[in-house]
Amino acid sequence: MRVRKDINSANLEHNLKMIKKLSKNSEIMAVVKADAYGHNIKKMTTLLSQLNVNHFAVATLSEALIVRQLNKNASILILGYVDISDLNIVKENDLCLTLIDYEYAKMVSVAQVVVKAQIKVNTGMNRAGENFDNYDKIKCMYNLPFINTIGIYSHLGASDSLKEDDTIYTKLQIERYDNLLRCLKADQIDVGITHIQASYGLLNYPNLSYDFVRIGIILYGLLSSGEHEVLSKVSLKPVLSLKSKIVSIKEIKANARVSYSNSFISKRTMKVATVSIGYADGISRSLSNSNFQVLINDKLCSVVGNICMDQFCVDVSHLSNVSLFDDVILFDDNYTIYHMSKCAQTIVNDTLSSLNIRE
Ligand SMILES: *Cc1c(COP(=O)(O)O)cnc(C)c1O
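When we follow the working numbering, the leftmost residue of the sequence shown carries the number 21, and every step to the right adds one.
Below, the structure written as structure tokens:
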């Protein structure tokens, strides 16, 4: 294989155990959108189901159908938009729709397909959800014909930050959500299940207690950035490792060009190795000529030149023993994906979900 993606199921089990301990009475909803953050949605759904996880969240209908095929009993929440023309598929597969606002909820109701749904409330992130202060509309969403509303949830926009301003804003979002729930209950409405925390909501606001926590990134043993401070210091172990191999080694003289566009010109004689993975596999082209390094025989080796579609080059001049087909570690348990994400000037979630490995 030109590239190897390994899943460490013991690490997954470890993370799940840590998350359970922290979330106390809240149930875990495993977020497996974007091919389970690049880990392989089928593999992760199977492993999580074996670990007795029975609640899943995904972004799209197509993802929900993959989870349903592997787990007939799971509750599956689709967090994102689903086309009205697909409501029959939602119904037939017993999936749960998100009512992303009042306008959408009305369209769903008019379609006259009996579906399970949860109301999304916008408490301040202003992306999706009916506005928290449109009380009458939210109340009305519970009573729309053909919709079986089983819950109401919101999402925090900056729970990953411990800065004072952001903490104040997150607490305001939580307060808006709580107030809304209180009013609905006072109006004799059975609100159904409640949830507002994703990974950072759990780590930084561990004392909240809703029915569910929607956990993505920390399930995979990672934070979004290696530089994030969090309130709850839980031990996390990365689940995914990515390896490629050296497929060619050559000596180049000073003033030689490496890779596309002459973007790297050698200053001295060098030994350069070609690695069989590229940007089409999800190794960001923005890593070209960056500080990005890979591990070869336990030694760090720097990228040289532009990352190409299917391969890239690294400097192995300093390695005394390097051979054709040696392993090239892009990230693993110890040499984490934090480095690669930082060099690509993005977050781990982006690096992971961009993976599109062609073995
Ligand atoms: C992606 C997503 C999550 C999971 O977020 P993590 O930070 O990875 O835990 C939770 N809720 C919603 C609405 C999401 O879109």
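C-beta: ideal position from N, C-alpha, C; glycine also.
Query, Result
"Beta carbon of H380, beta carbon of F332: below 8 Å?", "Since the displayed the chain opens at 21 and closes at 379, residue 380 lies outside it and no answer follows."
"Using a Cβ-Cβ cut-off of 8 Å (strictly less than) and excluding sequence neighbours within five positions of K319, which residues of its own chain qualify?", "H338 and L339"
"Give the list of continuous alpha helix (DSSP H) stretches no shorter than 4 residues that lie fully inside the stretch 62–108.", "81–90"
"Quick check on A56: does DSSP put it in helix, strand or coil?", "helix"
"On the three-state DSSP scale, how would you describe S374?", "coil"
"Counting only the same chain and skipping the five closest in sequence on each side, list residues whose C-beta sits under 8 Å from that of L42.", "L222, L223, P226, S252 and V254"
"Once the 5 residues before and after I120 are set aside, which same chain residues still bring their CB inside 7 Å of it?", "Y101, K140, A148 and G149"
"Have a look at the DSSP bridge pairing and note the partners of E271.", "K291"
"Kindly indicate the opening and closing residues of the beta strand (DSSP E) around A50.", "E47 to V51"
"Using only alpha-carbon positions, find the residue among L350, C363, T214 and T356 that is nearest to V4.", "A query on residue 4 cannot be resolved here, the shown segment of the chain reaching from 21 to 379 and no further."
"Start and end of the beta strand (DSSP E) containing K157?", "No beta strand (DSSP E) holds K157; the alpha helix (DSSP H) holding it covers Y155 to M161."
"Could you give the uninterrupted runs of the beta strand (DSSP E) lying entirely in the stretch 176–259, keeping only those of 3 residues or more?", "213–215 and 232–235"
"Using 8 Å as the threshold, is the stretch 169–183 in touch with the stretch 208–223, meaning 3 or more CB pairs across them?", "yes"
"In this structure, how does DSSP classify N113 when only helix, strand and coil are distinguished?", "coil"
"Under 8 Å, do R305 and I269 count as touching if we go by C-beta distance?", "no"
"Can you name the start and end residues of the alpha helix (DSSP H) that S322 belongs to?", "Where S322 is concerned, there is no enclosing alpha helix (DSSP H), although the beta strand (DSSP E) it sits in stretches over K319 to V324."
"Let me know the secondary structure DSSP gives K263 once reduced to three states.", "strand"
"Terminal residues of the continuous alpha helix (DSSP H) containing I39?", "S29 to S43"
"With C-beta atoms as the reference, is N66 less than 8 Å away from I98?", "Strictly speaking, residue 66 in this sequence is Thr, with Asn absent from that position. Contact: no."
"Can you tell me whether A218 sits near ligand 1, meaning its C-beta is under 7 Å from at least one heavy atom of the ligand?", "yes"
"Can you tell me whether V130 is buried or exposed? The criterion is at least 16 other CB atoms within 10 Å of its CB, across all chains shown.", "exposed"
"Assuming L200 and F152 make a contact with CB atoms under 8 Å, what is their CB distance in whole Å?", "5 Å"
"Indicate the three-state DSSP secondary structure (helix, strand or coil) for L164 in the structure shown.", "coil"
"Residues bridged to T356 by DSSP?", "Paired residues: none, contrary to the question."
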